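A.B. asks: Structure provided below as structure tokens; questions to follow.
There are 2 protein chains.
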Amino acid sequence: MYQPTSTEENYLKAIYHLSNTGIKSVNTSSIATSMETTAASVTDMLRKLANKEWINYEKYKGVKITRKGEKVALGIIRKHRLWEVFLTNILEFEWDEVHHMAEELEHVSSEELIKRLDKFLGQPKFDPHGDPIPDQTGKMELHDKFNLSAGETGEKYIITGVTDHSTLFLKHLRKYGLLPGVTVSIAEIMDYDKSMLLKINKDKFHLSLEVSKNILIKKYVS
Amino acid sequence: MYQPTSTEENYLKAIYHLSNTGIKSVNTSSIATSMETTAASVTDMLRKLANKEWINYEKYKGVKITRKGEKVALGIIRKHRLWEVFLTNILEFEWDEVHHMAEELEHVSSEELIKRLDKFLGQPKFDPHGDPIPDQTGKMELHDKFNLSAGETGEKYIITGVTDHSTLFLKHLRKYGLLPGVTVSIAEIMDYDKSMLLKINKDKFHLSLEVSKNILIKKYVS
DNA sequence: TACTATTTTTAGATTTGTCTAAATTAATAA
DNA sequence: TTATTAATTTAGACAAATCTAAAAATAGTA
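Chains as they are written, first to last, in my numbering: chain A, 1 to 222; chain B, 1001 to 1222.
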């Protein structure tokens, strides 16, 4: 129906993420925080998005994304994550370097370009951070991730993603080789501060709760 | 000094092209035509570009691009042409399909991205249309091209580019396999309308002057 | 319930890039 | 050289996205 502007795409993406991964209700101020803008700007934009039927919005009552809006958001997320795969796998960037570039590339409009990029990359199901890539219809694999901080001593796990996507955190993990796909086992969990001793092959690392809380894992099945 | 907006980049690119490949002086209306906008909008923008020292501009006296402006323009042209190579060589688009996508991709800002893309593509010197790709400093190969319409009977030539970049023309050439890099020989030139009989390997084509005037060639050296 | 604090919206401005219509300057031709 | 035509610039307005400050609505609490 309508063609979203880059800004509208960014708002819809933020609203989608807040709706799904966030815990709190999607209100004006949470959007303002995540977009690094003011509540007044958000209110203006919400009216526009509602006019175009991408969200349901009632003054003072918060926001709910519509099917149409979700479709737009998933399209952008698909582009973002595919470009991230391109940047890491093909152009050999590190996983903590690609986010900003993908933020620009995701707004390149051609659907055919994304279709071919997807094919060229071998139709990847996850991006370098372990986040699932929606297909053309918006569907994506959602495997049962849980927090490394909830792991148990002696158990083996595969890292599947992160909850903190900041460059600082990703760089930190890279130092220890803690990347999606890597197999780890928990050697010991300290009673005092819930920090843990982690094993990758023969190497051992000491990990604070702060860090383990932001790592997602799934059970290792041999 | 200043960071150009996408719009400013497009104006500088247009002015650069008019300065070099165009015959007429670079005046307000020629820019308006090539940008598909009004003379009034151009005047507004020229003042901005002059303030940022990318052009020299005196009211009613036309425009001359500065060193700084040329540097910006060549940077954009470099990105545009590298993305075109990516789209044709890697994603297997046809040469007449890539222009519009490259117009969007050229505004993605990361210099490091372009550096790596260039490396990944094998540091190509020409884009799919035979246009030279500037290096990081703005230098590019300028081999002595001339018009196919100025070619001589019996001579062998290599196609190096085109002067008409429209989709319609490029599609037309593609039908005959007349792409940059292809070797052709002129079998006959008709006295009456200057149309020519062209040979690629064993195939023969009849080409109007209209078409041959828009094809660039260089001498074949075995 | 009534008061206060917080959140949200409105009002009014700003910036960028655009437009149309009017005014001005330059170019052309009798 | 003067009159007419063409090109260019100015003036004023608009749309998108943003901001600050003020007003209005909601939520929390005594």
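Where a beta carbon is used, it is the ideal one built from N, C-alpha and C, also for glycine. Here the structure is a predicted model, which means the values were calculated and not measured.
#1: For N1228 (chain B), count the other beta carbons within 10 Å of its own beta carbon; 16 or more makes it buried, fewer makes it exposed. Which is it?
#2: With a 10 Å radius around its C-beta and 16 neighbouring C-beta atoms as the bar for buried, classify V221 (chain A) as buried or exposed.
#3: Consult DSSP for D1203 (chain B) and reduce its assignment to one of helix, strand or coil.
#4: Out of A:H107, A:I133, A:A150, which one is the CA nearest neighbour of L142 (chain A)?
#5: Determine which residues share a DSSP beta bridge with M196 (chain A) and list them.
#6: Report the three-state DSSP secondary structure of Y1002 (chain B) (helix, strand or coil).
#7: Determine, using beta carbons only, whether L197 (chain A) and V184 (chain A) come nearer to each other than 8 Å.
#8: Would you mind working out which of A:I55, A:R67, A:P124 sits nearest T88 (chain A), comparing C-alpha positions?
#9: So the alpha helix (DSSP H) V1072 (chain B) belongs to, where does it begin and stop?
#10: Using 10 angstroms around the beta-carbon of D144 (chain A), count the other beta-carbons present and answer buried if the total reaches 16, otherwise exposed.
#11: Below 7 Å CB to CB, which residues in the same chain sit around D193 (chain A) once its five sequence neighbours on both sides are set aside?
#12: With DSSP collapsed to three states, give me the class of T1021 (chain B).
#13: Quick one: what does DSSP say L216 (chain A) is sitting in, helix, strand or coil?
#14: When burial is assigned at 16 or more other CB atoms within 10 Å of the CB, is N1020 (chain B) buried or exposed?
#15: Based on Cα-Cα distance, which residue from A:T7, A:I76, A:A150, A:V108 lies nearest to D44 (chain A)?
#16: Output yes if chain B places a C-beta closer than 8 Å to the C-beta of R116 (chain A); else output no.
#17: Mark K175 (chain A) as exposed unless 16 or more other C-beta atoms lie within 10 angstroms of its C-beta, in which case mark it buried.
#18: For L121 (chain A), go through chain B and note every residue whose CB falls closer than 9 Å to its CB, in chain order.
#19: Quick check: is any heavy atom of the ligand NAD less than 7 Å from the C-beta of Y1011 (chain B)?
#20: May I ask you to list the residues that DSSP assigns as paired with V1026 (chain B)?
#21: Give me the chain A residues within the contact set of I1090 (chain B), using Cβ-Cβ distance strictly less than 7 Å, ordered along the chain.
#22: Distance check for H1100 (chain B) and F120 (chain A), CA to CA, integer angstroms please.
#23: Tell me where the beta strand (DSSP E) around Y1060 (chain B) begins and ends.
#24: Can you tell me whether D1203 (chain B) is buried or exposed? The criterion is at least 16 other CB atoms within 10 Å of its CB, across all chains shown.
#25: With 8 Å as the threshold, decide whether the Cβ of S1302 (chain B) is near any Cβ in chain A.
#26: In chain B, what lies closer than 8 Å to P108 (chain A) by C-beta?
#27: Compute the distance between the beta-carbons of I76 (chain A) and E155 (chain A), then report whether it is under 8 Å.
#28: According to DSSP, what are the bridge partners of N1147 (chain B)?
#29: How big is the Cα-Cα spacing for F1126 (chain B) and V1098 (chain B)?
#30: Might you give, ordered along the chain, the residues of its own chain that have their beta carbon closer than 7 Å to the beta carbon of V85 (chain A), omitting 5 neighbours on each side?
#31: Can you tell me whether I114 (chain A) is helix, strand or coil according to DSSP?
#32: Compute the Euclidean distance between the alpha carbons of I1200 (chain B) and L1170 (chain B), then round it to the nearest angstrom.
#33: In whole angstroms, give me the CA-to-CA distance for S1166 (chain B) and G1181 (chain B).
#34: Y1157 (chain B) and I1217 (chain B) look like a contact to me (Cβ under 8 Å); what is the Cβ gap, rounded to whole Å?
#35: Just list the residues that DSSP pairs Y1157 (chain B) with in beta bridges.
#36: Does L113 (chain A) get closer than 8 Å to chain B when you measure Cβ to Cβ?
C.D. replies: Quick look at the numbers:
#1: Coverage of chain B is limited to positions 1001 through 1222, which leaves residue 1228 (chain B) absent and any answer about it impossible.
#2: Residue mapping note: residue 221 (chain A) aligns to position 221 of the first sequence, counting from 1. When all chains shown are included, V221 (chain A) counts as exposed.
#3: As a working note, residue 1203 (chain B) is residue 203 in the second sequence. Reduced to three states, the DSSP call for D1203 (chain B) is strand.
#4: Residue numbering aside, residue 142 (chain A) sits at position 142 when the first sequence is read from its first letter. If we check each option's Cα against that of L142 (chain A), A:I133 comes out closest.
#5: For the purposes of this step, residue 196 (chain A) is taken as the residue at position 196 of the first sequence. DSSP, once it has assigned bridges, lists A:I189, A:L207 as partnering M196 (chain A).
#6: By 1-based counting over the second sequence, the position of residue 1002 (chain B) is 2. If DSSP states are grouped into helix, strand and coil, Y1002 (chain B) belongs with coil.
#7: Along the first sequence, one-based indexing puts residue 197 (chain A) at 197. Along the first sequence, one-based indexing puts residue 184 (chain A) at 184. No, the pair does not count as a contact, with Cβ atoms beyond the cut-off.
#8: Here residue 88 (chain A) is taken as the residue at index 88 of the first sequence, counted from 1. When only C-alpha atoms are compared, the closest one is A:P124.
#9: What you label residue 1072 (chain B) is simply residue 72 of the second sequence in a count that begins at 1. Counting along the chain, the alpha helix (DSSP H) containing V1072 (chain B) begins and ends at 1067 to 1085.
#10: Translated into the one-based positions of the first sequence, residue 144 (chain A) becomes position 144. Exposed.
#11: Locating residue 193 (chain A) in the first sequence gives position 193, counting from the first residue. Cβ neighbours of D193 (chain A) beyond the five flanking positions: L209.
#12: Position 21 of the second sequence, counted from the first residue, corresponds to residue 1021 (chain B). Of the three classes helix, strand and coil, the one that applies to T1021 (chain B) here is coil, per DSSP.
#13: Walking along the first sequence from the start, residue 216 (chain A) turns up at place 216. In this structure, L216 (chain A) counts as strand in the three-state DSSP scheme.
#14: Against the second sequence, residue 1020 (chain B) aligns to sequence position 20. With fewer than 16 Cβ atoms within 10 Å of its Cβ, N1020 (chain B) is classed as exposed.
#15: For the purposes of this step, residue 44 (chain A) is taken as the residue at position 44 of the first sequence. Here the closest residue by C-alpha is A:T7.
#16: As a working note, residue 116 (chain A) is residue 116 in the first sequence. Taking Cβ atoms only, chain B reaches closer than 8 Å to R116 (chain A), which makes this a yes.
#17: Position 175 of the first sequence, counted from the start, is the residue given in the question as residue 175 (chain A). Classification for K175 (chain A): exposed.
#18: Counted from its first residue, the first sequence places residue 121 (chain A) at position 121. Within 9 Å Cβ-Cβ: nothing; L121 (chain A) doesn't reach chain B, min ~10 Å.
#19: Summarising the ligand content, the structure contains no ligands, and the ligand NAD is consequently not present.
#20: Numbered from 1 along the second sequence, position 26 holds the residue referred to as residue 1026 (chain B). Paired residue(s): none; V1026 (chain B) is not in a bridge.
#21: Walking along the second sequence from the start, residue 1090 (chain B) turns up at place 90. Within 7 Å Cβ-Cβ: F120.
#22: On the first sequence, residue 120 (chain A) is found 120 positions in, with the first residue counted as 1. On the second sequence, residue 1100 (chain B) is found 100 positions in, with the first residue counted as 1. Taking the straight line from one Cα to the other gives about 20 Å.
#23: Taking the second sequence and counting its residues from 1, one reaches residue 1060 (chain B) at position 60. Premise fails: Y1060 (chain B) is in no beta strand (DSSP E) and is neither H nor E.
#24: Along the second sequence, read from residue 1 onward, the residue named residue 1203 (chain B) stands at position 203. By the 10 Å Cβ count, D1203 (chain B) comes out exposed.
#25: The question about residue 1302 (chain B) has no answer, for chain B in this structure spans 1001 to 1222.
#26: For the purposes of this step, residue 108 (chain A) is taken as the residue at position 108 of the first sequence. The identity of residue 108 (chain A) in the sequence shown is Val, whereas the question assumes Pro. Correct list: M1101, E1104, L1105, V1108.
#27: Taking the first residue of the first sequence as position 1, residue 76 (chain A) is located at position 76. Taking the first residue of the first sequence as position 1, residue 155 (chain A) is located at position 155. Going by C-beta atoms, I76 (chain A) is not nearer than 8 Å to E155 (chain A).
#28: Numbered from 1 along the second sequence, position 147 holds the residue referred to as residue 1147 (chain B). DSSP lists B:L1216 as partners of N1147 (chain B).
#29: Position 126 of the second sequence, counted from the first residue, corresponds to residue 1126 (chain B). Position 98 of the second sequence, counted from the first residue, corresponds to residue 1098 (chain B). F1126 (chain B) and V1098 (chain B): Cα-Cα distance of roughly 15 Å.
#30: Locating residue 85 (chain A) in the first sequence gives position 85, counting from the first residue. The residues are L121, P124, D127, P128.
#31: Along the first sequence, one-based indexing puts residue 114 (chain A) at 114. Helix at I114 (chain A).
#32: As a working note, residue 1200 (chain B) is residue 200 in the second sequence. As a working note, residue 1170 (chain B) is residue 170 in the second sequence. Their Cα atoms are separated by approximately 17 Å.
#33: Along the second sequence, one-based indexing puts residue 1166 (chain B) at 166. Along the second sequence, one-based indexing puts residue 1181 (chain B) at 181. Approximately 19 Å between the Cα atoms of the pair.
#34: The residue given as residue 1157 (chain B) occupies position 157 in the second sequence. The residue given as residue 1217 (chain B) occupies position 217 in the second sequence. Indeed they touch by this definition, with Cβ atoms about 4 Å apart.
#35: As a working note, residue 1157 (chain B) is residue 157 in the second sequence. B:V1184, B:K1219.
#36: Translated into positions along the first sequence, residue 113 (chain A) becomes position 113. So yes, L113 (chain A) belongs to the interface.
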